[in-house]
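Visitor: Provided herewith is a single structure, encoded as structure tokens, for subsequent inquiry.
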Amino acid sequence: MATNAALKNQIANKQEGTKVSAQSLGLKALLNTPTMQKKFEQVLDKKAPQFMSSLLNLYSGDPNIQAAEPMSIISSAMVAASLDLPVDKNLGYAWIVPFYDSKKGHKAAQFQLGYKGYIQLALRTGQYKAINVIAVREGELKKWNRLTEEIELDLEGATSDKVIGYCGYFKLINGFEKTVYWTRDEIEAHRIKHNKMKDKKALNNVWKSDYDAMAMKTVLRNMLGKWGILSIEMQTAISNDEQETHDITDEANEEEPEVIDYQPESEAVKEEAPQQEQTKMDDKKPATEMDDNDFPF
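In full-length UniProt numbering, the protein residues as written are 1 to 297.
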């Protein structure tokens, strides 16, 4: 005969569901939880549904991201959401990039800020009168003085589509301005130096799919980091981007798996009659329940 304690435990188990790791659920299931929706709504307000929909579209259209651990995708997306930047990779504001975590033996997604994202965040400060970065093609560069930072370009004088360098420029409201120029060789040396792959010269992720975008981002990031006015938002973005441009950090490796309450449908059907009314009220809600401690953000 069951004891009162045993009966209470059975009832509690039915009400709370089965404990499962958040990583065991797919991205769609995670995004469908009330807690996750609330997280994005707190950051994006009315724009949350559109952002989450674009995240699902990105996930559905990229097999490499589908192979990444779901919670890492959401964590990366949350960084973009906190900066109010779209994650559509075609727009170039922010990217969610899958990396292979050799320590855990699986792929995990990481946040990377695009060059358009840097420009957007700079303009939001209200301190920049102008800011831009361009690829310079063969025949367009007439003169560049590294000391005085005087550059002469003939943007109509390109003799081929070959990119030989990248030029960045900004002017502040107070009149201060800065011009920088990186040769293609300088960009490549920087890329190889910071490449965490075994084959340092190998192109990967966005460097492989859109080299110019990553090169222009490198120029902007270096220029703004040294001479620009950085808001708290920009400092946060640069910090996150620095952390996410290499393999999974040790801190991430040390995190314990998120544990959530998950109630399988078969158990819900077995609930007694007095609970059926409550079940009907909850039909529109997903079976997965989470709390704030389940997420790494």
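We treat Cβ as the ideally placed atom computed from N, Cα and C, and that holds for glycine.
Where Ser54 and His106 are concerned, what is the direct C-alpha to C-alpha distance, given to the nearest angstrom?
Guide: Whole-angstrom Cα-Cα distance: 24 angstroms.
Visitor: Quick one: measure Cβ to Cβ for Arg184 and Ile164, integer angstroms, because I've assumed they're closer than 8 angstroms.
Guide: Contact holds; Cβ gap of about 6 angstroms.
Visitor: Where are the beta strand (DSSP E) runs, 3 residues long or more, that stay fully inside the segment 90 to 136, in chain order?
Guide: Entirely contained in the segment 90 to 136, the beta strand (DSSP E) runs reaching 3 residues are, in chain order, 94 to 101, 106 to 113.
Visitor: Only counting the same chain, and skipping five residues up and downstream in sequence, which positions put a Cβ closer than 7 angstroms to that of Gln127?
Guide: These residues qualify, in order along the chain: Leu172, Ile173, Ile229.
Visitor: Count Cβ pairs between the segment 147 to 158 and the segment 94 to 113 that sit closer than 8 angstroms; are there 3 or more?
Guide: No contact exists between the segment 147 to 158 and the segment 94 to 113.
Visitor: Return the chain-ordered list of same chain residues with a C-beta closer than 6 angstroms to the C-beta of Gly168, the five sequence neighbours on each side being excluded.
Guide: Cβ within range, chain order: Val133, Val180, Val219, Leu220, Met223.
Visitor: How close, in whole Å, do the beta carbons of Val87 and Leu58 come, if the pair is a contact with beta carbons under 8 angstroms?
Guide: About 6 angstroms; that satisfies the 8 angstroms criterion.
Visitor: So, under 8 angstroms CB-CB, Gly114 and Ala237 are touching, yes? Tell me the CB distance rounded to an integer number of Å.
Guide: About 11 angstroms separates the two Cβ atoms, so there is no contact after all.
Visitor: Would you call Phe170 buried or exposed, if buried means 16 or more other Cβ atoms sit within 10 Å of its Cβ?
Guide: Counting Cβ neighbours within 10 Å, Phe170 comes out buried, since at least 16 surround it.
Visitor: What is the DSSP secondary structure of Ile164, reduced to helix, strand or coil?
Guide: Ile164: strand per DSSP, three-state reduction.
Visitor: Would you mind sorting Phe176 into buried or exposed? The rule is 16 or more other CB atoms within 10 Å of its CB.
Guide: Label assigned to Phe176: exposed.
Visitor: How would you write the range of the beta strand (DSSP E) that Val180 sits in, first residue to last?
Guide: Run containing Val180: 177 to 183, per the beta strand (DSSP E) assignment.
Visitor: Residues bridged to Tyr169 by DSSP?
Guide: According to DSSP, Tyr169 bridges with Asn132, Thr179.
Visitor: When DSSP labels each residue in this structure, what does Lys226 get in the three-state scheme?
Guide: Residue state, collapsed to three classes: helix.
Visitor: In this structure, what does DSSP give as the bridge partners for Lys217?
Guide: None; Lys217 has no bridge partner.
Visitor: How far does the beta strand (DSSP E) with Glu140 in it reach, from first residue to last?
Guide: First-last for Glu140: undefined, no H or E at that position.
Visitor: Tell me whether Ala77 sits in a helix, a strand or coil according to DSSP, three-state version.
Guide: In this structure, Ala77 counts as helix in the three-state DSSP scheme.
Visitor: Taking Cβ to Cβ, would you say Pro98 is nearer than 8 angstroms to Ala77?
Guide: No, these two residues do not count as a Cβ contact at 8 angstroms.
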